[in-house]
Structure formats: C-alpha cells, structure tokens
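Asker: Residue numbering for the sequence shown follows numbering that gives the first Met the number 0, starting at 0 and increasing by one per position.
Every residue gets a Cβ at the ideal spot worked out from N, C-alpha and C, and that includes glycine.
Fair warning: this is a prediction, and the values are worked out from it, not measured in the lab.
Have a look at the structure that comes next, please.
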Amino acid sequence: MFRTTLSELTRLQRKSFLLGWVGISALFVTMISTFTFKAAADGTTLPSSAPGVSFPTAAALVQPDGIVSGLGSAATLLGVVTLAFWAIATATDYSTGLVRLLVQAQPNRPRLLGGKILALTGWTAAVTTVVTIVAVALAPLMARATGISTSAWTTGIVGNVAGAWLNTFLALMVWGVIGLVIAVLTRSSAVAIAVGVGYVLVFEAVVRLASVRLADWLPGSTLNALAHGGTAAVAYGTAVALGLAYASFGLVTAAVTFKRRDILD
Numbered sequence: 000m001f002r003t004t005l006s007e008l009t010r011l012q013r014k015s016f017l018l019g020w021v022g023i024s025a026l027f028v029t030m031i032s033t034f035t036f037k038a039a040a041d042g043t044t045l046p047s048s049a050p051g052v053s054f055p056t057a058a059a060l061v062q063p064d065g066i067v068s069g070l071g072s073a074a075t076l077l078g079v080v081t082l083a084f085w086a087i088a089t090a091t092d093y094s095t096g097l098v099r100l101l102v103q104a105q106p107n108r109p110r111l112l113g114g115k116i117l118a119l120t121g122w123t124a125a126v127t128t129v130v131t132i133v134a135v136a137l138a139p140l141m142a143r144a145t146g147i148s149t150s151a152w153t154t155g156i157v158g159n160v161a162g163a164w165l166n167t168f169l170a171l172m173v174w175g176v177i178g179l180v181i182a183v184l185t186r187s188s189a190v191a192i193a194v195g196v197g198y199v200l201v202f203e204a205v206v207r208l209a210s211v212r213l214a215d216w217l218p219g220s221t222l223n224a225l226a227h228g229g230t231a232a233v234a235y236g237t238a239v240a241l242g243l244a245y246a247s248f249g250l251v252t253a254a255v256t257f258k259r260r261d262i263l264d
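Structural data, given as structure tokens:
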C-alpha cells in the first residue's frame with residue numbers, strides 16, 4: 000500500500016493540477032469572505048442559503064467562530080472543486096490508458112484504488128490547510144475594513160480554527176469520494192464535474208423548493224451542515240453520521256466496480 004500511495008503522490012505532483020486545485024479553492028474563499036463581510040457592514044440582507052453558498056448573518060460574524068466564517072460560507076463550492084479534482088485524478092487514468100499499465104503492475108485492484116484514495120486524502124488535507132490559512136488571515140483584514148467587531152474572536156481561537164479545519168476537511172473528503180465514484184462509474188471527469196455542479200446548483204435547489212425537510216437530508220445540505228459544525232436543521236452528530244454513510248457507500252461502490260470491471264481488454 001505504501002508504494003502504491005507513493006506512486007500516486009508522485010503522479011499527482013503536476014503543477015497545473017495542484018496549483019489549479021489550491022488556487023481555485025483559495026479564490027472562492029477570498030471572494031465569498033470579502034462579499035460576506037462587505038454585505039454585513041452595509042446592512043445588506045443576505046439569503047440564509049443560495050446555490051453553493053451559505054451566508055452567515057452580521058450577528059454571527061461577531062461571534063468567537065466568526066474568524067472562520069469564510070470556510071463555512073464557501074464549504075459547498077470548495078466541495079465541488081474537490082469533487083472535480085478527485086474526478087480528474089481518477090478519470091485521467093482511463094482516458095490515457097494508464098489504468099491498464101497500473102493494473103498489470105499491481106494486480107491487487109483494491110490496493111491500487113486504496114493508494115489513490117490515500118494520496119488524494121493527503122492533498123485534500125493540504126488544500127484544507129491552505130484555505131483555512133487564507134480564511135483566518137483575511138477575516139481580521141475584512142473586519143477592520145468593514146467595522147465588524149473582532150473582540151470575541153480571541154475566545155477559544157485555537158479550538159475554533161482547529162474545529163473549522165477538521166469539519167471542512169471531513170466535508171471535502173466526502174465530496175472527493177463522490178467525485179471518485181462518479182469517475183470510476185463513467186470513466187469521465189467531464190461527466191463527474193457536470194453532475195457535481197448540476198446537482199449543487201440545480202437539483203438540490205429544486206428539491207428545496209418542493210420540500211425543505213427532504214432537502215436537509217441530501218448530500219449538499221448534509222455536508223454543508225458538517226462543514227459548519229451543525230446547523231439548526233441538521234445536528235452535527237447527524238451530519239457526521241450521514242457523511243460517513245455517503246462516503247462508505249461510495250467507497251464500496253467504487254471498489255466493487257473497479258475490481259470487477261474488465262480493464263485489460
């Protein structure tokens with residue numbers, strides 16, 4: 000498993016891949032954090048939720064965890080980005096034909112898939128660290144520029160930042176697994192990305208119009224609640240359990256498909 004993971008880490012060290020993943024994620028956090036603080040200072044009424052974004056209120060920004068508000072606000076968009084890059088890393092093996100060579104070199108397919116997952120997990124942790132740093136560094140600057148009080152931010156700041164990092168990482172991991180599963184099933188990163196974006200921007204929004212209660216149990220809302228450490232609609236424990244269930248089902252589906260599919264012919 001170690002050699003397989005090391006091989007995957009080496010192949011993923013493409014500047015365009017990693018810089019794109021980190022850059023887009025950091026850009027989303029920067030944009031949404033800036034807009035959130037500016038709108039709160041101007042007294043603009045923001046929707047409690049919108050496709051891909053969950054906005055905090057002005058009152059929430061002055062709470063101790065307001066310093067990491069950018070992470071929670073951008074959690075779903077960060078998830079879609081993670082889904083896309085996990086899908087690209089997986090589907091590229093099929094589009095280039097590399098998967099045939101990999102299977103011949105490592106006939107143990109579950110180990111081969113496990114190595115890819117571990118490698119992508121490591122990069123997901125790195126991306127989560129970067130966006131956390133961006134959010135924490137930007138928040139005081141935006142608060143100072145917009146007149147938002149930061150007096151409560153020093154209360155439990157280490158725990159709040161660490162908790163936000165963990166919750167964001169867990170949510171991104173589930174999004175990544177979803178991208179990997181779709182890529183394994185379809186062998187196409189384009190399809191995986193289209194499904195992810197369409198699901199977040201269209202499907203859950205339509206379901207929410209029909210039934211708010213049902214929408215709260217779907218992956219987008221569940222993972223958004225997980226990234227926030229729980230919401231009024233979905234408790235943190237419930238979000239963790241559902242996230243684990245979604246990830247477990249996805250991993251089993253991907254493993255069974257990858258093991259049984261005829262790749263060499």
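Could you tell me the distance, in whole angstroms, from the CA atom of Thr256 to the CA atom of Leu112?
Answerer: The alpha-carbon atoms of Thr256 and Leu112 are separated by roughly 11 Å.
Asker: Would you kindly report the start and end of the unbroken alpha helix (DSSP H) that includes Leu198?
Answerer: According to the sequence as given, residue 198 is Tyr; it is not Leu. Run containing Tyr198: none; DSSP gives neither H nor E here.
Asker: Can you check whether the CB of Thr81 is closer than 7 Å to the CB of Leu26?
Answerer: No. Outside cutoff.
Asker: What is the rounded straight-line gap between the Cα of Thr56 and the Cα of Ala39?
Answerer: One C-alpha to the other measures close to 7 Å.
Asker: Using a Cβ-Cβ cut-off of 6 Å (strictly less than) and excluding sequence neighbours within five positions of Tyr245, which residues of its own chain qualify?
Answerer: Val173 and Pro218.
Asker: In its own chain, which residues sit with a C-beta less than 7 Å from the C-beta of Pro50, not counting the 5 before and 5 after it?
Answerer: Residue placement at Pro50 is flagged as unreliable, the pLDDT there being 49, under the threshold of 50; the coordinate-derived value follows with that caveat. Around Pro50: Val199, Leu200 and Ala204.
Asker: Here's the rule: buried if 16 or more other CB atoms are within 10 angstroms of the residue's CB, otherwise exposed. What is Lys258?
Answerer: Classification for Lys258: exposed.
Asker: Between Leu137 and the rest of its own chain, which residues show a CB-CB distance below 7 Å, the 5 nearest in sequence each way excluded?
Answerer: If we look at Leu137 and ignore the five residues flanking it on each side, its Cβ neighbours are Thr29, Ser32 and Gly69.
Asker: Alpha carbon to alpha carbon, how far is Gln103 from Thr35? Give it in angstroms, no decimals.
Answerer: If I take the Cα positions, the gap works out to 51 Å.
Asker: Indicate the three-state DSSP secondary structure (helix, strand or coil) for Ser150 in the structure shown.
Answerer: It is coil, neither helix nor strand.
Asker: Locate the alpha helix (DSSP H) running through Thr265, then write down its first and last residues.
Answerer: Because residue 265 is not part of the residues shown, which for the chain are 0 to 264, the question remains open.
Asker: Spatial neighbours of Val233 within its chain, please: C-beta separation below 7 Å, excluding the five flanking residues on both sides.
Answerer: Excluding sequence neighbours, Val233 sits near Asp215, Ser220, Thr221 and Ala224.
Asker: Buried or exposed for Phe54, please, with buried defined as at least 16 other CB atoms from any protein chain shown within 10 angstroms of its CB.
Answerer: Flag for Phe54 reads buried.
Asker: Looking only at its own chain, which residues have a Cβ that is under 7 Å from the Cβ of Thr149, when we skip the five neighbours before and after it?
Answerer: The residues are Pro139 and Ala142.
Asker: Taking Asp92 as the reference, which of Leu213, Lys37 and Leu184 has the closest Cα?
Answerer: Comparing Cα positions, the closest option is Leu184.
Asker: Alpha carbons only, please: which of Leu119, Gln62, Lys37 and Ser188 is nearest the one belonging to Thr9?
Answerer: When only C-alpha atoms are compared, the closest one is Leu119.
Asker: Who are the near neighbours of Ile280 in its chain, counting only those whose CB is closer than 7 Å to its CB and skipping five residues on each side?
Answerer: Because the chain is modelled from 0 through 264, residue 280 falls outside the range shown and cannot be assessed.
Asker: If distances are taken between C-alpha atoms only, which option among Ile177, Thr128 and Ala151 comes closest to Gln62?
Answerer: Considering only alpha carbons, the answer is Ala151.
Asker: For Tyr235 and Gly162, I'd like the C-alpha separation in whole angstroms.
Answerer: Cα-Cα distance, rounded: 12 Å.
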